[in-house]
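The next block holds one structure in the form of structure tokens; read it before the comments.
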Amino acid sequence: MRRGTALVPHSQKPVLLAPSPKASYNPSVAIVSPSIRVKVLFFGRLKEIAGQAEDSVDLPDAATIEQLFACYVARMPQLANYRPSLVASRNQEFAAWNTPLHSGDEVAFLPPVSGG
Numbered sequence: 001m002r003r004g005t006a007l008v009p010h011s012q013k014p015v016l017l018a019p020s021p022k023a024s025y026n027p028s029v030a031i032v033s034p035s036i037r038v039k040v041l042f043f044g045r046l047k048e049i050a051g052q053a054e055d056s057v058d059l060p061d062a063a064t065i066e067q068l069f070a071c072y073v074a075r076m077p078q079l080a081n082y083r084p085s086l087v088a089s090r091n092q093e094f095a096a097w098n099t100p101l102h103s104g105d106e107v108a109f110l111p112p113v114s115g116g
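When the letters of the sequence shown are read in order and numbered with our numbering, they come out as residues 1 to 116.
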């Protein structure tokens with residue numbers, strides 16, 4: 001007997017374990033998308049609405065700052081009122097709302113500052 005070969009009588013064909021060669025064993029298992037974890041900072045009135053100054057969230061890979069903010073609006077609809085006047089930063093630099101995010105990024109939402 002050789003190592004690494006299956007013993008199949010010559011008169012029998014190998015039996016497929018799946019219904020067809022193209023069938024998968026776990027068809028109901030969803031394909032897992034890569035995700036990222038980002039740190040989120042809230043300032044001013046946003047901190048009061050969020051009930052915290054800092055949070056961490058998991059997002060799909062390459063999600064944008066806008067998509068991140070939308071996740072929070074879904075949980076705290078009051079935040080939507082501030083969107084037109086907010087500025088966002090990524091890793092302590094001002095960033096456009098369509099900026100893609102990467103794992104480990106720090107995003108801050110900054111409301112306008114009044115005073116003189």
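Beta carbons: idealized from backbone N, C-alpha and C, even for Gly.
Predicted model only: the values in this text are computed from it and were never measured.
Under 9 Å between the Cβ atoms of residue i and residue j?
i: Arg83; j: Phe69; result: yes
i: Val40; j: Glu54; result: yes
The alpha helix (DSSP H) spanning residue i covers which residue range?
i: Val73; result: Ile65 to Arg75
i: Leu46; result: Arg45 to Ala50
The beta strand (DSSP E) with residue i in it runs from where to where?
i: Leu59; result: Glu54 to Pro60
i: Ala95; result: Glu93 to Ala95
i: Leu41; result: Ser35 to Phe42
Please go through the same chain and pick out, in chain order, the residues whose beta-carbon is closer than 8 Å to the beta-carbon of residue i, but skip the five residues on each side of it.
i: Val73; result: Leu79, Ala80 and Arg83
i: Phe94; result: Val87 and Ala88
i: Trp97; result: Thr64, Ile65, Glu66, Phe69 and Ala88
Which whole-angstrom value describes the C-beta separation of residue i and residue j, a residue pair presumed to lie in contact below a C-beta threshold of 8 Å?
i: Ala88; j: Val113; result: In fact, because the Cβ distance is near 15 Å, the residues do not count as touching under 8 Å.
Counting only the same chain and skipping the five closest in sequence on each side, list residues whose C-beta sits under 7 Å from that of residue i.
i: Gly104; result: none
With a threshold of 8 Å, establish whether the CB of residue i neighbours any heavy atom of the ligand SAH.
i: Leu46; result: Summarising the ligand content, the structure contains no ligands, and the ligand SAH is consequently not present.
For residue i, name the three-state secondary structure that DSSP assigns.
i: Pro112; result: coil
i: Ser103; result: coil
i: Leu86; result: coil
i: Asn98; result: coil
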